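One rule links them: number in our numbering = place in the sequence shown (from 1) + 30.
From the three backbone atoms N, C-alpha and C, an ideal C-beta is built for every residue, glycine too.
Predicted, not measured: the structure shown is a model, and the values here were computed from it.
Accompanying notes for the structure given below.
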Amino acid sequence: MVLCPHFEPDTAPTGVVVTRIVGELAARGHRLDVVTSLPWYERHAIEAGYSGRLVRRSRTDWGSVTRVHPFPAPKQHIARRAASFGAFSALVAGAGSAGGRADGVLAVSPPLTMGFAGATVAAARRAPLVFNVQDVFPDVAVEVGVLTGRRLVAVARRLELMSYRLADAVTVLSTDLAENLVAKVGPAGAHKIRVIPNFVDTTAITPGPRQNGFRRELGVGDRPVVMYAGNVGLSQPLHLLVDAARHLPDAAVVIVGNGVARGDLMARARGLDNVRFAEFQPVERLAEVLATADVHTVLLRPGLGRASVPSKLYSILAAGRPFVAGVDLGTEVARVAERHGTGLAVAPGDGPALVAALRCLLDDPGRAVAIGARGRRFVESWASPAAVAESYENLFEELAGRREPSPPSAR
């Protein structure tokens, strides 16, 4: 059983990851029943052809997909968003609990309430539960100021701990996130925490020419391109990138994506002729979009480096492009940059340092190309879809008692 907030054809990054993992496990001979949402991510509304019903079921060659209503709610309305998470997770729990015994349940968070949906399904199907944490909540919500108030935060943290205790294993994307969770669950629960990174499809995303159709659509000619591609939300201090454009007049600064902060950013960039905004692009164009940039950026607000690992990092590496990261130093993204020579890292919120790092790569194209090539070699060596699927397969076999327990994994 796979319980996840997004699945194909939804374009959310977690949906892309889970869809591929399901495909890889199916190729290894497993039957999978997926319970997910009706597609809604791109427009924040149910896609045409899927509306009108709370639940839709379909059969596949490898199992089944059950889609339930996600009850979309604006990010700014915390009460409505919490209610939508609860209602969605309740539908997932109900839809997933019907049926006979399963060999395992994989529940994907956020939302945090998926942990309780997973526990309900696991109990009903008499199966071990693996709780996959893509971003650590409520840490992220607290850091960006979305979740405030001592009581609300305390309730959220209690729910977080309960979700970890209900799971037989909890998987996270990096050693930073593992350390975060181990500190919360204590010695008694530390054995549950495992590191399994998200994959990147190095066959679909390959180094491509910087002169391509997307660059022509942007109208930037042969100018160096500094790019941010991804969610334009509250976790990403993209105002720093807009402000950096004032100091990089010879470069085009391109922001690709949608999100709640996009309007404010466009207003901030008014009058800057070297800043471009582009809409969210379909996954089929991802390699082309990434190839357009000479330098990519990965930006997180201070404090988020130990609660989130942006999936865009691995796509950038697969595209063979260097990156500048404004993240908490010593965390996963910064370590990948420094230890493997795949980019440059500066402290989060440090605008002058961000400009200096970007200038360093823009002024030395040969060095930028060499860094991008190292990134491609690195990501090919450790994050293939098949390797990630095998890690989940091994974990479920261990939990089912068919394997001897193994120590917590880490890169």
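Could you work out which residue in 131, 294, 212 is closest to residue 153 when comparing CA atoms only?
Comparing Cα-Cα distances from residue 153 to each of 131, 294, 212, the minimum goes to 131.
If residue 149 and residue 196 are in contact, beta carbons under 8 Å, what's the gap, nearest whole angstrom?
Your pair residue 149 and residue 196 checks out as a contact, with CB atoms roughly 4 Å apart and the cut at 8 Å.
From the DSSP output, which residues share a beta bridge with residue 93?
Paired residue(s): 62.
From residue 311 to residue 193, what distance separates their C-alpha atoms?
For residue 311 and residue 193, the distance between alpha carbons rounds to 34 Å.
Could you compute how far the alpha carbon of residue 440 sits from the alpha carbon of residue 336?
Any reading at residue 440 must be qualified, since the residue scores a pLDDT of 46, below 50, and its modelled position is unreliable; no value is offered.
Neighbourhood of residue 367 by C-beta distance below 8 Å, restricted to the same chain and skipping five residues each side:
Taken in chain order, the residues that qualify are 353, 355, 373, 374, 375.
Flag this pair as touching only if the region 164-184 and the region 215-224 have three or more C-beta atom pairs under 8 Å; answer yes or no.
Segments in contact, no.
Out of 422, 299, 416, state which residue places its alpha-carbon closest to the alpha-carbon of residue 57.
Nearest Cα to residue 57 within the set 422, 299, 416: 416.
Could you please give the first and the last residue of the uninterrupted beta strand (DSSP E) stretch that includes residue 257?
Unbroken beta strand (DSSP E) run through residue 257: 255-259.
Between the alpha carbons of residue 75 and residue 36, how many angstroms are there, rounded?
Distance from the CA of residue 75 to the CA of residue 36, rounded to the nearest whole angstrom, comes to 13 Å.
Sheet register partners of residue 201 (DSSP bridge)
Residue 201 is bridged to 162, 224.
Closest residue to residue 171 among 351, 301, 156, 338 (Cα-Cα distance)
Taking only the C-alpha atoms, the option nearest residue 171 is 338.
Alpha carbon to alpha carbon, how far is residue 428 from residue 262?
Taking the straight line joining both Cα atoms gives about 39 Å.
Do the CB positions of residue 227 and residue 203 come within less than 8 Å of each other?
Yes. Within cutoff.
Exposed or buried, residue 186, counting other C-beta atoms within 10 Å across all chains shown (16 or more means buried)?
For residue 186, the number of other beta carbons within 10 angstroms of its own is at least 16, and it is reported as buried.
Cα separation between residue 94 and residue 65?
So the alpha carbons of these two residues sit roughly 8 Å apart.
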